[in-house]
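Here is the structure we will look at, set down as structure tokens.
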Ligand SMILES: *Cc1c(COP(=O)(O)O)cnc(C)c1O
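In our numbering, the protein residues as written are -19 to 451.
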């Protein structure tokens, strides 16, 4: 115990730090938990108290903290070099990782463009898709002057289509294709317009018919937009199988495949944002694999380094890549690059992360954990304020509602999710809710016993918090 040091740190934190997505006034009302160390699936605070990392440190951790192989890979890389640029130079870990990513990604994705977070991985895919179509007519052999001035008469593919509830990051491009009102409302005047199709959020489906009618309605709306506007749409961006920030919305089986099919039919590129779902989260290495879907772009970040370092990658096809080839003076290159692109430490961590998947048969070992989680989640459905329970792989969301019959949600100011989070902390579990959805997103390395313990704690905390909230 060193509460004096803790108080000192808290004071400095409150004096100088501005926390992300945080109402700082609320932050100042509470005593923050300050993490000092990690150990496997646990976080350890400055008082030495251990907490199970129930959200994988914001959906990034894969094999636990202080994983020996990743620690060692980073240390070994530090002894060689920590950073050099990919602008005009190559570096060994970025080369080796690119080869590995192409090997494991859905077939056909053959080119790797690095960046350092999920938002930029998405920006890159959007810019590439846009530029791909912009340079298409040249590619088809039209004279260059057809591309400039008044002759650009044909409808150009400059628009995007995305889904209701989508979250793709916090930069302007990624906000433009996102659609969570509280996140983007303030910035709306600055965002580019995007077509919006319905993501199948069956629990709150306005048609109020469970799958499959709801799936058909969403697909029909999607197709209607494409039918009407496909000539101006460059790409569709989707969080395959699971929408994360929307509250762990799991799409019914077949939805993604239908979206892929329609994109192909209407000549629209498909961007799969697997920033959250990638690297085993859904039970397969990539969510697209559940429906055998090959996107034109695959955005990866969060779990790519096992949750160690900021690294991201946007993968695409040879077909896209070739449209960026030309004489130097044609200026067809992709005009994008971040200073830390292809950082050797991040890439070394990512290589080690992927190696562990093989060595430890991570995906195989995950299957019984996923089954157990389903079984335990089923027990939550009877709780009087649990409206919906959703799961895919080691991602789960428990939606709390004020009134189970009418599906009336809790008021924002009741902060029910936050209260559950505060309660679980007492029992040594860290979660982070999304509004009134309790999120369970532990490291893939979580054990059977830890899953049971986690779900027990959450059950008890939901019961006590919602019991006190009344109807
Ligand atoms: C987290 C997330 C992002 C943004 O990633 P950052 O690294 O936070 O920029 C983008 N897309 C999805 C689906 C995400 O979950």
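Glycine included, C-beta positions come from ideal geometry on N, C-alpha and C.
Exercise. Which residues in the same chain have their Cβ closer than 7 Å to the Cβ of residue 270, if we skip the five residues on either side of it in sequence?
Worked result: 221, 262 and 264
Problem set entry | Whole-Å CB distance - residue 381 paired with residue 365, under 8 Å assumed | 6 Å
For this session: Determine the extent of the beta strand (DSSP E) in which residue 142 is found, giving its start and end residues.
Result: 139 to 143
Exercise. For the region 308 to 318 against the region 8 to 26, are there 3 or more C-beta pairs whose distance is under 8 Å?
Worked result: no
Exercise. Around the C-beta of residue 79, are 16 or more other C-beta atoms found within 10 angstroms, so that it is buried, or is it exposed?
Worked result: exposed
Exercise. Could you check where the beta strand (DSSP E) with residue 434 kicks off and where it finishes?
Worked result: First-last for residue 434: 428 to 449, but that is the alpha helix (DSSP H), not the beta strand (DSSP E).
For this session: Evaluate contact between the region 3 to 18 and the region 266 to 286, counting only Cβ atoms and requiring at least three cross-stretch pairs below 8 Å.
Result: no
For this session: May I ask you to check if the CB of residue 99 is nearer than 7 Å to at least one heavy atom of ligand 2?
Result: Only ligand 1 can be found as ligands here, which leaves ligand 2 out of the picture.
Exercise. Should residue 282 be counted as a contact of ligand 1 given a C-beta to heavy atom distance under 7 Å?
Worked result: yes
Exercise. Touch check for the region 53 to 71 and the region 319 to 335: three-plus C-beta pairs under 8 Å?
Worked result: yes
For this session: Report the residue ranges of all alpha helix (DSSP H) runs contained in full by the region 11 to 53; include only those spanning at least 4 residues, in chain order.
Result: 36 to 39
Problem set entry | Range covered by the beta strand (DSSP E) that runs through residue 294 | 292 to 297
Exercise. Can residue 102 be considered in contact with ligand 1, in the sense that its beta carbon sits closer than 7 Å to one or more heavy atoms?
Worked result: yes
For this session: For residue 95, write down the residues that DSSP places opposite it in a beta bridge.
Result: 292
For this session: Please name the residue or residues paired with residue 370 in a DSSP beta bridge.
Result: 377
Problem set entry | residue 167, DSSP secondary structure in three states | helix
Exercise. Since residue 182 is in the beta strand (DSSP E), which residue starts that stretch and which ends it?
Worked result: Element bounds for residue 182: n/a, residue is neither H nor E.
For this session: Decide yes or no for the touch test of the region 206 to 223 against the region 417 to 425: beta carbon pairs closer than 8 Å, at least 3 of them.
Result: no
Problem set entry | Candidates 251, 292, 232 and 245: closest to residue 259 by CA position | 292
Exercise. Would residue 315 be called buried (16 or more neighbouring beta carbons within 10 Å of its own) or exposed?
Worked result: exposed
Exercise. For residue 181, is the beta carbon positioned less than 7 Å from some heavy atom of ligand 1?
Worked result: no
Exercise. When burial is assigned at 16 or more other CB atoms within 10 Å of the CB, is residue 0 buried or exposed?
Worked result: exposed
For this session: Answer yes or no: do residue 252 and residue 275 have a C-beta to C-beta separation smaller than 8 Å?
Result: yes
Problem set entry | Outcome for residue 186 when other beta-carbon atoms lying within 10 angstroms are tallied against a minimum of 16 | exposed
For this session: Would you mind working out which of 204, 229, -2 and 409 sits nearest residue 245, comparing C-alpha positions?
Result: 204
Exercise. CB-CB under 8 Å to residue 407, same chain, minus the five flanking residues each way: which ones, in chain order?
Worked result: 437, 440 and 441
For this session: Give the C-beta separation of residue 290 and residue 448 to the nearest angstrom, bearing in mind that I take them to be a contact with Cβ-Cβ under 8 Å.
Result: Not confirmed; about 39 Å, so no contact.
Exercise. What's the call for residue 430, buried or exposed, on a 16-neighbour Cβ count within 10 Å?
Worked result: buried
Problem set entry | residue 400 versus 357, 376, 178 and 445, residue with shortest Cα-Cα distance | 445
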